[in-house]
Amino acid sequence: MSNIQAGKISVVTIFLNGLPWLREAIESVLAQTGVNFEYILVDDGSVDGSSELGKSYAAQFPGIVRYIDHPGHANRGMSASRNAGVAVAAGEYLAFIDADDIWKPGKLERQLSIFSRFPELAMVADSAIYWSSWNDGTDKTILAGHLQNQPVNSPDALLHTYPLGRAHAPCPSGILIRRSAYEAVGGFEASFTGPLQMYEDQAFLSKVYLRFPVLFADDCDLLYRQHPSSCVAENVRSGNYGQVRLHFLQWLGAYLEREGTNDPRIRAALRRALLPFRFPNLYAFLRRLIRLSRKVARPVLRQVRQTKPRPV
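Counting from 122, one number per residue, gives the positions in the sequence shown under the working numbering.
So, in structure tokens, the structure goes:
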């Protein structure tokens with residue numbers, strides 16, 4: 122570690138009572154080689170001992186690792202904490218890794234090399250291994266984006282990637298973004314607090330997709346830990362998913378208005394996404410109709426496939 126100086130990349134980890142996994146995340150960052158980086162640990166009001174762990178790494182690696190928290194050791198949420206980390210960062214590029222995730226060695230170096238090949242990019246986003254084997258589950262490889270390993274111009278990523286499109290969204294822990302792009306879109310949306318934090322990354326990514334070319338890589342150097350106390354799992358379990366999604370879609374509509382975005386494709390995608398909330402009965406009927414048609418068509422298609430053509 123002694124040959125690594127703060128500089129080109131600023132890595133930010135936010136945490137709130139992350140003691141069970143925080144050490145693994147930190148060690149995976151410190152194991153990165155081939156790039157100059159600084160590492161900023163942002164404590165969002167922890168009370169479980171993870172504060173002391175973060176401070177110990179800052180003391181062990183001065184000039185590389187920095188520990189900060191909010192005034193009064195307050196809890197201000199994920200977006201405000203990411204922004205606080207960037208506010209004290211010095212890097213030209215920004216990377217984020219959540220306290221429960223892990224990077225494989227070489228992640229930063231490989232992503233930085235993509236910027237060298239495609240200098241027009243604002244962001245590189247990795248695919249991910251949805252990591253369940255840490256707890257005896259089965260891992261899944263999830264590709265981010267609708268196209269991999271090639272630049273995607275604005276606003277195609279917004280149209281084709283969740284939450285408006287069908288392709289999987291990248292995880293925050295998988296992105297490397299130019300600081301200039303982060304600043305141009307105003308950083309993360311601090312209003313996405315509490316249950317709304319499930320979409321705080323999607324609000325930020327939507328702003329980036331609207332303005333800049335990005336690249337989705339098929340590399341999976343991110344282990345995205347699956348566990349029942351994650352923000353997504355808690356919202357699904359509590360039944361908040363629909364309410365949080367509606368809030369995001371309404372926020373996005375207001376943001377498009379403020380930005381003067383009139384692209385008819387985006388407007389149409391937003392209308393489709395809002396359909397279940399504006400016309401719930403109609404939407405439920407259409408879904409039942411689609412399921413029924415598929416159920417009826419399935420045996421017919423199976424019979425067609427099994428029917429051999431007669432010889433002439």
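Just so it is clear, CB atoms sit at the ideal spot from N, CA and C, and this is done for glycine as well. Remember, predicted model here, so these are calculated numbers, not experimental data.
Same chain only: Cβ atoms within 8 Å of residue i, ignoring 5 sequence neighbours per side
| i | result |
| --- | --- |
| methionine 244 | Ile296, Leu297, Ile298, Arg299, Ala302, Val329, Phe333, Val335, Leu336 |
| lysine 129 | Val156, Asn157, Phe158, Gly212, Glu213, Tyr214, Leu233 |
| aspartate 384 | Pro276 |
| asparagine 270 | Leu336, Phe337, Ala338, Asp339 |
Sequence-distant residues of its chain with Cβ nearer than 6 Å to residue i (five each side left out)
| i | result |
| --- | --- |
| proline 284 | Gln323 |
| leucine 162 | Thr134, Gly175, Tyr188 |
| glycine 170 | Leu140 |
| lysine 228 | Asp342 |
| alanine 390 | Leu280, Leu285 |
| tyrosine 178 | Ile147, Val186 |
Bridge partners - residue i, DSSP secondary structure assignment
| i | result |
| --- | --- |
| glutamate 159 | Ser131 |
| isoleucine 298 | Leu215, Met244 |
| aspartate 190 | Asp164 |
| proline 272 | Leu336 |
| alanine 288 | Thr282 |
For residue i, the first and last residue of its enclosing beta strand (DSSP E)
| i | result |
| --- | --- |
| arginine 346 | 343-346 |
| phenylalanine 400 | That residue, phenylalanine 400, is in no beta strand (DSSP E); it is neither H nor E in DSSP. |
| tyrosine 330 | Tyrosine 330 -> not in any beta strand (DSSP E); alpha helix (DSSP H) instead, spanning 321-332. |
| tryptophan 252 | 249-252 |
| leucine 336 | 335-337 |
| lysine 225 | Unbroken run through lysine 225: none, as it is neither H nor E. |
| isoleucine 263 | 261-263 |
Cβ neighbours of residue i in the same chain (closer than 7 Å, five flanking residues each side left out)
| i | result |
| --- | --- |
| histidine 289 | Ile263, Leu264, Ala265, Tyr283 |
| glutamate 310 | Ser200, Glu321, Ala324, Phe325 |
| leucine 137 | Asp165, Gly166, Ser167, Asn196 |
| aspartate 340 | Arg231, Asp247, Ser248 |
| phenylalanine 236 | Leu242, Val245 |
Residue range of the alpha helix (DSSP H) that includes residue i
| i | result |
| --- | --- |
| phenylalanine 236 | 228-238 |
| lysine 176 | 171-181 |
| isoleucine 147 | 143-151 |
| aspartate 384 | Counting along the chain, aspartate 384 falls outside any alpha helix (DSSP H), and DSSP gives it neither H nor E. |
| aspartate 277 | 277-281 |
| valine 207 | 199-208 |
Inter-residue CB distance, residue i and residue j (contact presumed, cutoff 8 Å)
| i | j | result |
| --- | --- | --- |
| tryptophan 255 | arginine 358 | Wrong, their Cβ atoms sit about 20 Å apart, outside the cutoff. |
| proline 291 | alanine 246 | 4 Å |
| leucine 331 | leucine 279 | 6 Å |
| aspartate 164 | aspartate 190 | 4 Å |
| glycine 155 | glutamate 230 | 4 Å |
| alanine 216 | valine 132 | 5 Å |
| leucine 367 | serine 327 | Contact flag wrong, Cβ pair sits at about 15 Å. |
| aspartate 260 | tyrosine 251 | 6 Å |
Residue i, buried or exposed, once every other Cβ within 10 Å from all chains shown has been counted against 16
| i | result |
| --- | --- |
| alanine 210 | buried |
| leucine 370 | buried |
| phenylalanine 313 | buried |
| asparagine 204 | buried |
| glutamine 181 | exposed |
| tryptophan 224 | buried |
| alanine 338 | buried |
| glycine 198 | buried |
| proline 375 | The question names proline, yet the displayed sequence has alanine at residue 375. Per the 10 Å Cβ criterion, exposed. |
| proline 226 | exposed |
| glycine 315 | exposed |
| alanine 208 | exposed |
| aspartate 221 | buried |
| serine 294 | buried |
| serine 350 | exposed |
| glycine 206 | buried |
| glutamine 364 | exposed |
| leucine 413 | exposed |
| leucine 317 | buried |
| leucine 396 | exposed |
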